[in-house]
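Asker:
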Amino acid sequence: MTTLHTINKAPSDTSLWQSCLSAILPGDALLMIENGVYAASQTSITRQLQSMHDVSLYLLSADIEARGLTDQIRTDATLIDDQQFVELSCQHAKVVSWF
Amino acid sequence: MIFSILIYGSAHNSQSVHSAYRFTDSVLRSGHQIHRVFFYGESVHAASILSAPPRDELNIHQLWKDLAETHQLDIVVCIAAALKRGVMNEAEARRHEKASFNTQAPFELSGLGQLSEAAIISDRLVTFGA
Numbered sequence: 001m002t003t004l005h006t007i008n009k010a011p012s013d014t015s016l017w018q019s020c021l022s023a024i025l026p027g028d029a030l031l032m033i034e035n036g037v038y039a040a041s042q043t044s045i046t047r048q049l050q051s052m053h054d055v056s057l058y059l060l061s062a063d064i065e066a067r068g069l070t071d072q073i074r075t076d077a078t079l080i081d082d083q084q085f086v087e088l089s090c091q092h093a094k095v096v097s098w099f
Numbered sequence: 001m002i003f004s005i006l007i008y009g010s011a012h013n014s015q016s017v018h019s020a021y022r023f024t025d026s027v028l029r030s031g032h033q034i035h036r037v038f039f040y041g042e043s044v045h046a047a048s049i050l051s052a053p054p055r056d057e058l059n060i061h062q063l064w065k066d067l068a069e070t071h072q073l074d075i076v077v078c079i080a081a082a083l084k085r086g087v088m089n090e091a092e093a094r095r096h097e098k099a100s101f102n103t104q105a106p107f108e109l110s111g112l113g114q115l116s117e118a119a120i121i122s123d124r125l126v127t128f129g130a
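Same order as they appear, the protein sequences are chains A and B. Just so you know, we're using the UniProt record's numbering here: the first sequence kicks off at 1 and counts up by one. Just so you know, we're using the UniProt record's numbering here: the second sequence kicks off at 1 and counts up by one.
1. Go through its chain and collect everything with a Cβ distance to Val95(A)'s Cβ below 7 Å, but skip five positions before and after it.
2. Helix, strand or coil: how does DSSP classify residue 118(A) here?
3. Measuring CA to CA, which of Arg22(B), Gly9(B), His32(B), Asp25(B) is closest to Arg124(B)?
4. Taking the alpha carbon of Ser110(B) as the point to measure from, which residue in Leu28(B), Trp64(B), Asp74(B), Ala130(B) has its own alpha carbon closest?
5. Can you check whether the CB of Ser61(A) is closer than 8 Å to the CB of Leu49(A)?
6. What separation, rounded to the nearest whole angstrom, lies between the Cα atoms of Phe99(A) and Gln18(A)?
7. In three-state DSSP terms, what is Tyr58(A)?
8. Going along chain C, which residues have a C-beta under 9 Å from Thr127(B)?
9. Among Met52(A), Leu25(A), Leu59(A), which one has its Cα closest to the Cα of Ser41(A)?
Laid out in C-alpha cells, this is it:
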C-alpha cells in the first residue's frame with residue numbers, strides 16, 4: 001500500500017520538507033506542486049531527493065511554467081499535467097498533502 | 001473512482017482554491033466521480049457572491065460556481081468557518097439578524113459531519129493545503 005505525497009511549499013520551509021521526506025517510504029511518490037516546485041531548481045534539496053531509494057518524483061508542469069522554471073530543473077523528476085495528477089492519485093492507496 | 005476534495009487555503013492569498021479547482025476539473029474529465037468538495041478555513045471566502053475581482057484576474061468564485069452547476073457537484077462550506085468570517089447565506093443572515101447575505105447555491109453551508117461522511121464514502125480524499 002503506497003502513498004502519493006504532495007508538497008506545496010518551497011524548500012525554504014525546511015521543517016516541513018524534513019517532515020515530509022522522513023515520512024516517505026520505498027514505493028511512494030512525491031509530487032511537488034505550487035511553490036513546492038521551487039525544490040526542482042535547488043541543488044541542495046535535489047541531492048536529497050535523488051538519494052531516496054525507490055521513490056518516484058513528479059513536478060506539476062503548470063506550476064513549473066507559471067514560475068518560469070522550465071529551464072532550471074536540476075532533478076530527474078517527471079513533469080506531469082493535472083490529468084496525470086489524478087492518475088497518480090488512483091495508483092496510490094492514499095494521498096497525503098504536506099503544507 | 002470516488003473522490004472528495006478538502007480545501008484549506010485562502011481564496012485570494014494562496015493558490016490552493018485554484019489548484020483544487022484544476023484537480024476537480026481533471027477528476028471529472030477523467031471520468032471519475034466527485035462525491036463532495038469541502039471548503040474549510042480561509043477558503044470559505046471563495047463562496048462569496050460579492051467578490052468582484054478585476055477583469056484580467058481569475059474569478060475563482062465564478063469558476064467553482066460554473067463547475068458545480070455543470071456537474072451538479074455537492075460543494076459544502078464549513079458553517080463555523082464561514083459565519084465567523086462573515087460568509088453567510090440568506091437563512092443564516094436572518095438567523096443572526098444581519099442586514100444582508102453573501103453566499104447562495106450551489107454553495108451550501110454545513111458542518112464537519114459532511115467532511116467525515118465524505119472521507120468514509122470516498123476512495124480518495126485529496127487535500128489542498130493553505
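Ideal placement from N, C-alpha and C gives every residue a C-beta, glycine not left out.
Answerer: Let's see:
1. Apart from the 5 residues on each side of it in sequence, Val95(A) sits with its Cβ closer than 7 Å to the Cβ of Leu4, Thr6, Ser89 in its chain, given in chain order.
2. Nothing can be reported for residue 118(A): it is not among the residues displayed for chain A, which extend from 1 to 99.
3. Ranking Arg22(B), Gly9(B), His32(B), Asp25(B) by Cα distance to Arg124(B) puts His32(B) first.
4. With distances taken between Cα atoms, Ser110(B) lies closest to Asp74(B).
5. When the beta-carbon positions are compared, Leu49(A) and Ser61(A) stay at least 8 Å from each other.
6. Between Phe99(A) and Gln18(A), the C-alpha separation is close to 12 Å.
7. DSSP places Tyr58(A) in the strand class (E or B) of the three-state scheme.
8. You won't find chain C in this structure, because its protein chains are A and B.
9. Selected option, being the one with the closest Cα: Leu59(A).
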